[in-house]
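A.B. asks: A single structure is presented below for examination.
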Amino acid sequence: MNEHPIEALMKTTMESIKEMVDVNTIVGDPVETPDGTVIIPISKVSFGFASGGGEYINEQKNKSEDGEEKSTKDKFPFAGGAGAGVSVQPVAFMVVGNGLMKLMSVDQNANMIDNLINTAPQVINNIQSMFSKKGKPPQQSENEVITYE
Numbered sequence: 001m002n003e004h005p006i007e008a009l010m011k012t013t014m015e016s017i018k019e020m021v022d023v024n025t026i027v028g029d030p031v032e033t034p035d036g037t038v039i040i041p042i043s044k045v046s047f048g049f050a051s052g053g054g055e056y057i058n059e060q061k062n063k064s065e066d067g068e069e070k071s072t073k074d075k076f077p078f079a080g081g082a083g084a085g086v087s088v089q090p091v092a093f094m095v096v097g098n099g100l101m102k103l104m105s106v107d108q109n110a111n112m113i114d115n116l117i118n119t120a121p122q123v124i125n126n127i128q129s130m131f132s133k134k135g136k137p138p139q140q141s142e143n144e145v146i147t148y149e
């Protein structure tokens, strides 16, 4: 069975989209800074796709020599089109260095939640050490984190 022309049109469009976007589009290539910190960009990828087409028939009625009406049908060629749009928007940067990993969001509204998530392990460790070593005065390190000895 012959393929319909719209199938070839859609297949070509989808293959082109596949070539444009791969996993490195979402999680970008790592960038290493001079101090050894590695920064990995993370993006949001959105797609839009539309295609359509049609076949038209031109029907004409002609009178023959004997007075009968005959209709002739002329088939026009297939008419179709397709379009696609891709949007790549950075949403965060993963920063890995000095034994720590941080996810830094580009969206200002999400920064508060990210800060809470990133500092939660430190806070829990400080609370645990505070209860396990009661009575000793706290000291501040150069990272401004309260530690107990």
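For the sequence shown, position 88 (counting from the first letter as 1) is numbered 88 according to full-length UniProt numbering, and the numbering increases by one without interruption. Backbone N, C-alpha and C fix where the C-beta goes; we use that ideal spot for every residue, glycine too.
#1: Does DSSP put residue 149 in a helix, a strand or coil?
#2: Could you give the residue range of the alpha helix (DSSP H) that holds residue 77?
#3: From the DSSP secondary-structure annotation, give me the bridge partner or partners of residue 58.
#4: Who are residue 39's beta bridge partners in DSSP?
#5: Check residue 68 in the structure and name its three-state DSSP category.
#6: Just curious, the alpha helix (DSSP H) that residue 169 is in, first and last residue?
#7: Are residue 73 and residue 59 closer than 8 Å when you measure CB to CB?
#8: With DSSP as the reference, label residue 106 as helix, strand or coil.
#9: Nearest to residue 102 by alpha carbon, out of 16, 40, 7, 21?
#10: In three-state DSSP terms, what is residue 161?
#11: Any contact of the stretch 87 to 95 with the stretch 31 to 39, i.e. 3+ C-beta pairs under 8 Å?
C.D. replies: Walking through what the data contain:
#1: Taking the sequence shown and counting its residues from 1, one reaches residue 149 at position 149. Bear in mind that a pLDDT of 48 at residue 149, under 50, signals an unreliable position, so the number given afterwards is only what the model happens to contain. Note: residue 149 maps to coil in three-state DSSP.
#2: Numbered from its first residue, the sequence shown carries residue 77 at position 77. Where residue 77 is concerned, there is no enclosing alpha helix (DSSP H), given that its DSSP letter is neither H nor E.
#3: For the purposes of this step, residue 58 is taken as residue 58 along the sequence shown, with counting starting at 1. For residue 58, which the question treats as bridged, DSSP gives the partners 74.
#4: The sequence position of residue 39 within the sequence shown is 39, counting from 1. 31, 95, per the DSSP bridge assignment.
#5: Indexing the sequence shown from 1 puts residue 68 at position 68. Residue state, collapsed to three classes: coil.
#6: Within the shown structure, residues of the chain are numbered from 1 to 149, placing residue 169 beyond reach of any answer.
#7: If you number the sequence shown from 1, residue 73 lands on position 73. If you number the sequence shown from 1, residue 59 lands on position 59. In this structure, residue 59 lies closer than 8 Å to residue 73 by Cβ.
#8: Taking the sequence shown and counting its residues from 1, one reaches residue 106 at position 106. Coil at residue 106, not helix or strand.
#9: The count along the sequence shown starts at 1 and reaches residue 102 at position 102. Looking at 16, 40, 7, 21, the one whose alpha-carbon comes closest to that of residue 102 is 40.
#10: Any answer about residue 161 is impossible in this case: the structure gives the chain only from 1 up to 149.
#11: Taking a cut-off of 8 Å on C-beta distances, the stretch 87 to 95 touches the stretch 31 to 39, as three or more cross pairs fall below it.
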